[in-house]
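Engineer:
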Amino acid sequence: MTPDPVSSLAALEARLAQDLEYLGWPGRQWMPAQQRGADGEAVLDVVVIGGGQAGLAAWVGLAQQGIRAVVFDRAPAGNEGPWATTARMETLRSPKELTGPAMGLPALTFRAWFEARFGLEAWTAMDKIPRLQWMDYLVWYRRVMSVDVRNETAVTGIHPLPDATAVRLDLRTPEGPRSVLARRVVLATGRDGLGGPAIPAFVNTLPRGKWAHSSDEMDYGQLRGLSVGVVGAGSSAMDSAGTALEAGAHSVELLIRRPDLPRVNKGKGAGVPGLTQGHYDLPDELKWRIRHYINVANVPPPHGSTLRVSGHSNAFFNFGCPILSAAPEGDAMRVSTPKGDFVFDFLIVSTGFKVDWAHRPEFDGIASHVRTWKDRFVPAPGDEDQELADSPDLGPVFEFQQRVPGACPGLERIHCFCYPAALSHGTVSGDIPAISEGAKRLASGIASLFYREDFDYHYANLEAYSEPELFGDEWVPAPPPSERG
Ligand SMILES: Cc1cc2nc3c(=O)[nH]c(=O)nc-3n(C[C@H](O)[C@H](O)[C@H](O)COP(=O)(O)OP(=O)(O)OC[C@H]3O[C@@H](n4cnc5c(N)ncnc54)[C@H](O)[C@@H]3O)c2cc1C
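Each residue of the sequence shown is one higher than the one before, counting from 1040 in this note's numbering.
See the structure below:
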């Protein structure tokens, strides 16, 4: 029987509120309020950039530690992350049972929310989580946890103060430009969090209106009746191909460099608690080895996404087809591969993301100072990996480190809690499976750093602390035994 969604959701929210009260939520605030300058400008404790699942979980983790944070997201409310905008899969890849950003709270899980809305029967019947339902869940999560997200607020500049005590952030808001100071900044900026789409050079010869990256916002209705090429065979390639076919494309040719599709998702196989907790402490060689192995093995597109494409008779899987060249030909384009030439009206490159600081002008003030793995580690011949080499070399609290010590004081106040943290910390900073583990590590680490920084303040508080637990009237000193009657 389908539950009454309104009363069931209300009951779930009451249960969650009680759980939070039992757990003493939110944590008691213990941080000193800080101001700077003659006009007493307030310094925020933490600013989180990005209100996707990582930013929400980070905010909740910090609140559990009694630390005030503000989240800024450039997207309108409900459009954070890829789910409702650029993602095109029908369902998530992740198993529905994963507890994701629930931070150890059963009543905050996707399952609790789903069952309250649609019932146990629907839960049992569901295979994978529909994409937009994940977004609906995140919207609910934000509301019930009262996460302080300021939408349509883009961070356009990040500048550690020369005295290394705080970071100034330039903002573009609906009310115009402004700036804020924060003691620490968390970059929860997503899968492309330190860059953007990886665009292959061969598209440079093509008119910009004739091609798109799979992560571009685009109306696929414009592909109706067109011959479409899709470069790549990952999950986004399959999603783009499936969406184009459903939009009425005349044909979709998948151009796949490899001779076959990978069958096994090694990243999923790697996800055991020991690695989640222990990746950071592994020696460099082992960190590189495991991430490189997973990169080389490549992640297969999901089963359902592949069937979504192959079910169309006008979809063609072309293997062994790296692009040799591409050139305009009349209103169309000729794309050459070792297997022959293809003529397309439109091309979609589904070639993933990369660290690319130039793509992110908001990082101009820090980019050249961030130490990356290529500054630290030389892989064995044959194990070179550009994605890994470009990854930031992070400290234990996801903090950036300076490439040249002293060249950018205060850089360590910026914590990289997005996908490129994976080589340093493992996959705890973006994907659903271990996002709560990452958020807890981040929040407890920040609490510890704050305490150390503010030691004198807390020590003075300790000295001034005078709340008695005994009042001296609970007992009477006994006379010596010889004087007792
Ligand atoms: C198409 C797609 C499908 C995926 N499917 C799965 C899946 O099934 N399972 C899984 O585990 N993972 C999946 N992932 C990987 C991962 O879970 C998602 O990328 C997820 O969105 C990561 O969450 P996040 O909070 O780190 O980043 P996002 O959800 O991308 O949120 C980042 C936010 O930061 C904001 N932002 C960025 N820069 C600024 C700025 N300068 N100022 C203000 N705001 C800014 C953006 O507006 C955005 O809302 C998928 C990824 C993609 C792209």
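The beta carbon of each residue, even a glycine, is placed where N, CA and C say it ideally should be. Given the structure is predicted, the values throughout are model-derived calculations rather than measurements.
1. Just grab the DSSP bridge partners of C1455 for me.
2. Where DSSP assigns a beta bridge to H1252, which residues make up the other side?
3. Since D1112 contacts V1188 with CB under 8 angstroms, what's their CB separation in whole angstroms?
4. Cβ of A1428 within 8 angstroms of Cβ of K1413?
5. Assess contact between the segment 1201–1219 and the segment 1437–1449, defined as three or more Cβ pairs (one per stretch) separated by less than 8 angstroms. Is contact present?
6. Based on Cα-Cα distance, which residue from Q1057, A1146, C1360, A1499 lies nearest to E1292?
7. Could you have a look at I1088 and say whether DSSP puts it in helix, strand or coil?
8. Please state whether the Cβ-Cβ distance between V1087 and A1108 is less than 8 angstroms.
9. Got a sec, what are the start and stop residues for the beta strand (DSSP E) Q1074 sits in?
10. At what residue ranges does the segment 1419–1491 contain a whole run of the beta strand (DSSP E), taking only runs of 3 or more?
11. Can you determine whether any heavy atom of ligand 1 sits closer than 7 angstroms to the C-beta of G1111, and answer yes or no?
12. Sorted by chain position, which residues of the same chain lie with C-beta nearer than 7 angstroms to L1262's C-beta, five sequence neighbours on each side aside?
13. Smallest Cα separation from I1106: which of R1491, I1485, W1514, A1517?
14. Using the Cα positions of I1329 and S1279, report the straight-line distance between them to the nearest angstrom.
15. Could you tell me if the beta carbon of D1493 falls within a distance shorter than 7 angstroms of some heavy atom in ligand 1?
16. What is the rounded straight-line gap between the Cα of G1391 and the Cα of E1426?
17. Is the separation between the beta-carbon of P1340 and that of A1276 shorter than 8 angstroms?
18. Across the segment 1366–1383 and the segment 1243–1251, are there enough close Cβ pairs to call them in contact, namely three or more that are closer than 8 angstroms?
19. Restricting to Cα atoms, I'd like to know which of S1290, R1296, D1255 is closest to A1272.
20. Kindly indicate which residue of D1493, H1318, E1256 has the alpha-carbon position closest to the one of N1118.
21. Cutting at 6 angstroms between CB atoms, please list the residues of its own chain near K1393, excluding the five before and the five after it.
Structural biologist: The answer reads as follows:
1. L1226
2. Partner(s): V1388.
3. 6 angstroms
4. yes
5. yes
6. C1360
7. The three-state secondary structure of I1088, taken from DSSP, is strand.
8. yes
9. Looking at the DSSP string, the run of the beta strand (DSSP E) that includes Q1074 is 1073–1075.
10. 1453–1455
11. Going by the sequence as given, residue 1111 is Phe instead of Gly. The answer is yes for F1111.
12. A1283, A1286, A1288, F1385
13. I1485
14. 29 angstroms
15. False, no ligand heavy atom lies under 7 angstroms from that Cβ.
16. Approximately 11 angstroms between the Cα atoms of the pair.
17. yes
18. Result yes; three or more Cβ-Cβ pairs closer than 8 angstroms.
19. If we check each option's Cα against that of A1272, R1296 comes out closest.
20. E1256
21. G1234, A1237
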